[in-house]
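One structure is given below, encoded as structure tokens.
Number of protein chains: 2
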Amino acid sequence: MKVVHTVREMQQIALQNKQTNQTIGYVPTMGFLHDGHQRLLQSAKKENDIVVLSIFVNPLQFGPNEDFDRYPRDEEHDREIAEQEGVDIVFMPSVREMYPSSLSVQLNVNNRTNVLCGRSREGHFDGVVTVLTKLFHIVMPDKAYFGLKDAQQVAVVEGLVKDLNFPVKIMPIPTVREQDGLAKSSRNVYLSKEEREQAKYLYHALQHGQQLVKKGEKTKDIIINEVIQFINSKTRGKIDYVELLTFPNLEQVDQINERVILATAVQFERARLIDNIIFEKNGEITITSS
Amino acid sequence: MKVVHTVREMQQIALQNKQTNQTIGYVPTMGFLHDGHQRLLQSAKKENDIVVLSIFVNPLQFGPNEDFDRYPRDEEHDREIAEQEGVDIVFMPSVREMYPSSLSVQLNVNNRTNVLCGRSREGHFDGVVTVLTKLFHIVMPDKAYFGLKDAQQVAVVEGLVKDLNFPVKIMPIPTVREQDGLAKSSRNVYLSKEEREQAKYLYHALQHGQQLVKKGEKTKDIIINEVIQFINSKTRGKIDYVELLTFPNLEQVDQINERVILATAVQFERARLIDNIIFEKNGEITITSS
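Protein chains in written order, with this note's numbering: chain G, 48 to 337; chain S, 48 to 337.
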């Protein structure tokens, strides 16, 4: 396994792989790898000749009051996981390497951002598409893997790639969960013991909403209210949002008549957790692991 | 020579060339090719295995009061020139092919735009970097060729490529001129006979400014005033600007102490002409043809 720190070296390696017809599977991360990332790496390994993992905590996608400085980092553990999953190249640039000076060109996301996390994280997705544009140019992947836990990110990145014609295929991978249902996340380490107990109910609440649809409920407001009550009765977290939108267009609906995402964000003491379920109009889940 | 109309086919051809280690030289144009474009194609031909020419009049880079609808087009003549210069692939997408729906991601240029043409063409360079981002993803060139007549465009595109890590090398090529000095331009056809006579004086005025520097003049204001007077005394065009800035950073100076660009834009009845000279602090011209 090769560890690369500079843009120049990474681009050279990518070009060499292109020239020898090796396909590149790419998993962009901010490190502190967990089972969710491992699932992405496993899919990338299965479907490509070369697997590139990038670890870069991107300052551009954190707001001024967000947790960039204390975002968890564990380089040694990340390298072990990368080795274990058969990663070929770990790309770990410094902030200075990625942003040597202020950017003369700015990317802004117009659509799919004024809902879910985008609403309360102004500029977050601008930072995401900017760093991914750079990383796609540096790593030159054939396929790039993203977890559906960040479903809005998947929707935004699919828009980026389609609208700007990146020669990259986006591969959305279902959320990996703890035994009790809690979605794996780097931020789970910040939960107190009591909060960790409660955190599983986010998923249970979403499942409750999905079950209502399975039983024939179609009205968004009824489903959302049920989910809100469920979360409030089971956790002391503060609900940031519970939303039900079309997927992947993330448009508002009153009645469920197509594939939708039911999503929530809940603020605990030191961690803001997000989770979602994507299902069809009859409540069935159809996006499953490869 | 192959003519390609769809994004998908162009990307497939580009990937095939990558896989066979053919380097791609790329000349993006809006068509109506003239000697300036031919010079770009000749450089691309010399330095690459495959030459791709794109012809696409990009609506995004025209303002609401600009000449998108009547921008000159001559597909047949363009094809002849392309054949003649040994172009391998002509990429001619429709507007619908390039912009099938509104873009979910927007590119904005922050630097180097509030001077020269950027000042009076709000959003112009946003349109330029957007279409070039798409075209670079579609054509996947190793080198892309741009004429220095649009020196601000060269500066902006160099910023785009550097800041977003495009794996493309930008090749700036000196302006090609008519016998009397007028810079070649697709818009020259809109000049009346009398205007065409006067138009040569834009370059003569810039040369006059350059000569002043050669003779020891260092003060921006003096040089600019001389150039303005020269143009006003020789033409009936309306001066949009005469500017002297550092190159390629396009920053303001009072005294000339480094490489600069002396540039002008003049509005004639039906055509707005631009021209520039780039020279060192001693007045010498050092960027020359390859």
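Beta carbons: idealized from backbone N, C-alpha and C, even for Gly.
Per-residue burial, G:K240 [other beta carbons within 10 Å of its own, 16 or more giving buried]: That one is exposed.
Under the three-state DSSP convention, the category S:P106 falls into: In the structure shown, S:P106 sits in a helix (DSSP, three-state: H, G or I).
Same chain, Cβ closer than 6 Å to G:K93, five either side skipped, listed in chain order: For G:K93, where only same-chain residues beyond five positions count, there are no Cβ hits under 6 Å.
Rounded C-alpha distance that separates G:R55 from G:I185: The straight-line gap from Cα to Cα measures roughly 8 Å.
8 Å Cβ cutoff, G:K92 in contact with chain S: Among the residues facing chain S, G:K92 is not included, as its CB has no counterpart in that chain under 8 Å away.
Distance CB(S:I102)-CB(S:V137) smaller than 8 Å: yes
Proximal residues of chain G, C-beta to C-beta of S:I102 below 7 Å: Residues of chain G passing the Cβ test: none, with the nearest at roughly 17 Å.
Nearest neighbour of G:D106, chosen from G:T333, G:P147, G:S280 [CA to CA]: Checking the sequence shown, residue 106 of chain G turns out to be Pro, not Asp. When each option's Cα is compared against that of G:P106, the closest is G:P147.
Cβ shell of S:K265 (< 7 Å), same chain only, five flanking positions each side left out: Q302, I303
Distance CB(G:S233)-CB(G:H81) smaller than 8 Å: yes
Residue of G:R317, G:K285, G:I271 minimising C-alpha distance to G:V307: It is G:I271 whose Cα lies nearest to the Cα of G:V307.
C-beta neighbour in chain G for S:T222, strict 8 Å: no
Closest residue to G:L88 among G:G133, G:F213, G:V50 (Cα-Cα distance): G:G133
Whole-Å CB distance - G:M139 paired with G:V50, under 8 Å assumed: 6 Å
Contact under 8 Å by Cβ, G:A198 with G:I325: In this structure, G:I325 lies closer than 8 Å to G:A198 by Cβ.
C-beta neighbour in chain G for S:I308, strict 8 Å: no
Closest Cα partner of S:M48 within the set S:I128, S:G83, S:Q257, S:N158: S:I128
Meets three-Cβ-pair contact criterion under 8 Å: the region 275-289 of chain G and the region 240-260 of chain G: yes
Residue range of the unbroken beta strand (DSSP E) whose run includes S:F138: 136-138
Within chain S, the residues that G:T293 reaches when beta carbons sit closer than 9 Å: What G:T293 touches in chain S: nothing, since even the nearest Cβ is about 15 Å away.
Inter-residue Cα distance where the pair is G:E305 and G:N329: Roughly 9 Å between the two C-alpha positions.
First through last residue of the beta strand (DSSP E) which encompasses S:K190: Secondary structure note for S:K190: its beta strand (DSSP E) is the uninterrupted segment 190-194.
Given G:Y118 as reference, the closest of G:T335, G:R317, G:E327 once Cα atoms are compared: Here the closest residue by C-alpha is G:R317.
Anticipated Cβ contact below 8 Å, G:V274 with G:H255, distance rounded: With 8 Å as the limit, G:V274 and G:H255 qualify as a contact, their Cβ atoms being about 7 Å apart.
8 Å Cβ cutoff, G:D322 in contact with chain S: no
Whole-angstrom distance between S:D135 and S:N68, CA atom to CA atom: 16 Å
Under the three-state DSSP convention, the category S:V186 falls into: helix
Option in S:N112, S:D287, S:F79 with minimal Cα separation from S:V104: S:F79
Distance between beta carbons of S:Q108 and S:V178, contact taken as under 8 Å: 7 Å
Residues sharing a beta bridge with G:V74, DSSP: G:L100
Closer than 9 Å at the beta carbon, the chain S residues around G:G206: L150, S151, V152
Beta-carbon proximity check, S:P214 vs G:M187, cutoff 8 Å: yes
Bounding residues of the beta strand (DSSP E) (the contiguous stretch that carries G:L150): Careful: G:L150 lies outside any beta strand (DSSP E) and carries neither H nor E.
S:N155 - partner residues in DSSP beta bridges: G:Q153
Whole-angstrom distance between S:Q66 and S:M57, CA atom to CA atom: 14 Å
8 Å Cβ cutoff, S:V176 in contact with chain G: yes
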